[in-house]
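Using this note's numbering, the letters of the sequence shown correspond one by one to residues 566 to 714.
Backbone N, C-alpha and C define an ideal beta-carbon position, used for all residues, glycine too.
All of these numbers come straight from a predicted model, not from anything done at the bench.
Scroll down for the structure; my scribbles are underneath it.
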Amino acid sequence: MKIPPTTAGVHIRAPLEKVWKVFVNENGWDGWFTDGMKMELKEGGKIFFRWFRKTFGEEVTDEGIIHRLEPPNLIEFSWNTYEDGFRSRVKMEFFPSSYNGTWIQIEDHTIVLSEEDMKIKLECAVGWGEMLTLAKIWIEYGISTLENP
566 MKIPPTTAGV
576 HIRAPLEKVW
586 KVFVNENGWD
596 GWFTDGMKME
606 LKEGGKIFFR
616 WFRKTFGEEV
626 TDEGIIHRLE
636 PPNLIEFSWN
646 TYEDGFRSRV
656 KMEFFPSSYN
666 GTWIQIEDHT
676 IVLSEEDMKI
686 KLECAVGWGE
696 MLTLAKIWIE
706 YGISTLENP
C-alpha cells in the first residue's frame, strides 16, 4: 500500500525573509519548539534536533541532513534516524502571500513498513501541526509556550 505524504501548512503575518530566518538559522527552532537545535546551513549540512522542555524533562534527540537549500523559499532535509539512514524526508516551502504575510507548506514523506512505522508517521503529523502553530504564535506575537525560552 502506498502511503501519501503528510502535509501541513500555515499562514504567518510576517514578511517572507523574516519567516525564513526564524525557521532556517543556526539555532533552529529553539525559540518556540526545540532545545539546542543546530542547523549547518548548506546542502549536505547536518541538523541536530533536541527536545527537553516539551518532553517533560526527558531529553529526546535526533539528527538529519539538508538536501536542498534555496533561500528564502525552500529547505529539504531528511531526519528521524532509522537503521542505516533516515525515516523521513521533509520539504518546507515558503511563499509570500497577498495577505501581507507568508505561507509555509510542509510535505513529509515517511517510510511506513509496519504498524509501528505508521504510529511514528501519525505522531510526526501531529508534531508538524503543533510546530507550525507554535511558530505562528512566536512570530506574530512574540509568545513562546515553553517554560524559560
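Taking Cβ positions, are residue i and residue j nearer each other than 9 angstroms?
| i | j | result |
| --- | --- | --- |
| Ile-640 | Lys-611 | no |
| Gly-579 | Gly-666 | Checking the sequence shown, residue 579 turns out to be Ala, not Gly. Yes, they are a contact pair. |
| Gly-596 | Met-604 | no |
| Leu-518 | Leu-634 | No answer is possible for residue 518: it lies beyond the span of the chain, which begins at 566 and ends at 714. |
| Phe-617 | Asp-600 | yes |
| Arg-672 | Glu-658 | The sequence shown places Glu at residue 672, not Arg. Yes, Cβ-Cβ distance for Glu-672 and Glu-658 is below 9 angstroms. |
| Thr-626 | Ser-653 | no |
| Lys-619 | Phe-598 | yes |
| Leu-697 | Thr-710 | no |
| Pro-661 | Val-589 | no |
For a test of the three-state rule: what should DSSP assign to residue i, helix, strand or coil?
| i | result |
| --- | --- |
| Leu-697 | helix |
| Trp-594 | coil |
| Val-691 | helix |
| Tyr-706 | helix |
Would you mind sorting residue i into buried or exposed? The rule is 16 or more other CB atoms within 10 Å of its CB.
| i | result |
| --- | --- |
| Met-683 | exposed |
| Lys-686 | buried |
| Asn-638 | exposed |
| Gly-650 | exposed |
May I ask which residues mark the beginning and end of the alpha helix (DSSP H) holding residue i?
| i | result |
| --- | --- |
| Lys-583 | 581-588 |
Under the DSSP definition of a beta bridge, which residues are partnered with residue i?
| i | result |
| --- | --- |
| Val-625 | Trp-616 |
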